[in-house]
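Read the structure below first, then the notes.
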Amino acid sequence: MTALILDGKTLAASWEEQLTERVSALKNRSNGRTPILATILVGDDPASATYVKMKGNACRRVGMDSLAVEMPGSTSTEQLLAKIDELNNDPNVHGILLQHPVPEQIDERACFDAIALHKDVDGVTCLGFGRMAMGEDAYGCATPKGIMRILEHYKIDIEGKHAVVVGRSAILGKPMAMMLLEANATVTICHSRTKNLPDLIKQADILVGAVGKPEFIKAEWIKDGAVVVDAGYHPGGVGDIELAPLVDRVSAYTPVPGGVGPMTINTLIFQSVDSGEKAIA
Ligand SMILES: Nc1nc2c(c(=O)[nH]1)N[C@@H](CN(C=O)c1ccc(C(=O)N[C@@H](CCC(=O)O)C(=O)O)cc1)CN2
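Numbered per this note's numbering, the sequence shown spans residues 34 to 314.
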């Protein structure tokens, strides 16, 4: 079987062209105003700094502006909440991204939830999650929404399929499961206390690896013909799933790198442009 490669890198590049046109059209009808994404990086984690930089670069590629807020690793919850409040009240800011993880002394959930719903272009608030889960209008969490967009683009059939999500984090596993449910999949969520993980994974028509451990999900656990989505990103270009032995026997898969990662960033920018368009003109 020749598997379909769900090529997020190429797709994100082509969608950036469309976003560039939208930003340009917005500028033309609003005296040069452009959507602005505020990115907040707390502390000096090198990987987080890289991801935030990639997000700022993506803003620039589509003609948007970004406002890079950098706060020291000693920042308190109150200080971060005050910064988010300032950005919520800044009419020139259309989206707010708080890079995860924040240093451990900070109440990350309280800070995510302080982001105004209409500026929550990364889809991290409880309110946004609840609205999305109920099928109401809200920006989706960037990685799972990016995965839904890539599945939709490649016309992967979801309705009635058994989707197994391995991982239950607030910004990946849980919203992923809800989005697949909204798309009429039958969804199983697996996690660190799940018993018989290989047996459950064997049942997956669509498997999403969102566990955050390199090649934790073994190729032999995955059935022939499955659609395999790997949301992991680890040094050395490996994901959460042992992909190499699978490429000839699954029906489709996201490569690592070049699959889910670029879709995460594209979805953040896509939702920021949407927010900017709503606020500006
Ligand atoms: N507030 C958020 N924090 C975090 C999120 C998020 O969506 N919102 N996701 C992750 C990390 N992340 C974005 O922040 C991210 C990780 C990886 C990539 C990516 O494109 N990876 C490339 C490879 C990059 C390279 O090493 O060159 C790929 O997979 O092709 C994008 C975004 C945690 N925090």
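Each residue gets a CB set at the ideal place from its N, CA and C atoms; glycine is no exception. All values derive from a computational prediction rather than experimental measurement.
Is there at least one non-hydrogen atom of ligand 1 closer than 7 Å to the beta-carbon of residue i?
i      : result
Asp263 : no
Gln304 : no
Val241 : no
Pro105 : no
Val199 : no
Ala175 : yes
Val135 : no
Gly294 : yes
Ile298 : yes
Lys42  : yes
Gly291 : yes
Tyr266 : yes
Met87  : yes
Ile204 : yes
Asp146 : no
Val157 : yes
Apply the 10 Å Cβ neighbour rule to residue i and answer buried if 16 or more other Cβ atoms are within range, or exposed otherwise.
i      : result
Arg62  : exposed
Asn299 : buried
Glu119 : exposed
Gln304 : buried
Cys159 : exposed
Glu50  : exposed
Glu141 : buried
Tell me whether residue i, by its Cβ, gets closer than 7 Å to a heavy atom of ligand 2.
i      : result
Lys152 : Among the ligands present in this structure, namely ligand 1, ligand 2 is not found.
Using the Cα positions of residue i and residue j, report the straight-line distance between them to the nearest angstrom.
i      : j      : result
Ala312 : Ile73  : 21 Å
Ala166 : Ala175 : 15 Å
Ala171 : Gly156 : 8 Å
Asp123 : Pro68  : 12 Å
Gly200 : Cys223 : 6 Å
Gly272 : Ser47  : 24 Å
Pro268 : Asn64  : 44 Å
Gln236 : Leu279 : 16 Å
Cys92  : Asn217 : 33 Å
Gln132 : Val85  : 7 Å
Asn121 : Ser308 : 13 Å
Among the residues of its own chain, which have a CB less than 7 Å from the CB of residue i, if the five just before and after it don't count?
i      : result
Glu275 : Glu248, Ile250, Lys251 and Ala252
Gly89  : Thr72, Ser99 and Ala101
Asp77  : Gly106
Pro295 : Gly41, Lys42 and Ala45
Gly168 : Glu215
Met209 : Pro177, Ile180, Val198, Val241 and Ala243
Val293 : Gly41, Thr176, Gly179, Ile180, Val262, Asp263, Ala264 and Thr287
Gly161 : Leu150, Asp153, Ala171 and Tyr172
Arg182 : Met296 and Thr300
To which residues of the same chain is residue i closer than 8 Å at the C-beta, ignoring the five residues directly before and after it?
i      : result
Ser202 : Ala243 and Gly245
Tyr34  : Here residue 34 turns out to be Met, not Tyr, going by the sequence shown. Asp257, Gly258, Asp281, Arg282, Val283 and Ser284.
Leu114 : Ala143, Cys144 and Ala147
Gly270 : Val289 and Pro290
Ile302 : Glu49, Leu52, Leu70, Lys88, Ala91, Cys92, Val95 and Met97
Please report the Cβ distance between residue i and residue j, rounded to the nearest whole angstrom; I am assuming they are in contact, meaning their Cβ atoms lie under 8 Å.
i      : j      : result
Ile117 : Ile148 : 6 Å
Leu70  : Val154 : 7 Å
Leu233 : Thr221 : 6 Å
Pro327 : Thr108 : Beyond the ends of the chain as shown, which are 34 and 314, falls residue 327; an answer cannot be given.
Leu150 : Glu310 : About 16 Å separates the two Cβ atoms, so there is no contact after all.
Excluding five sequence neighbours on each side, which residues of the same chain lie with their C-beta closer than 6 Å to the C-beta of residue i?
i      : result
Pro231 : Trp254
Ile239 : Lys194, Ala196 and Val260
Met104 : Val75
Thr53  : Val95 and Gly96
Arg55  : Val306
Leu213 : Ala196 and Val220
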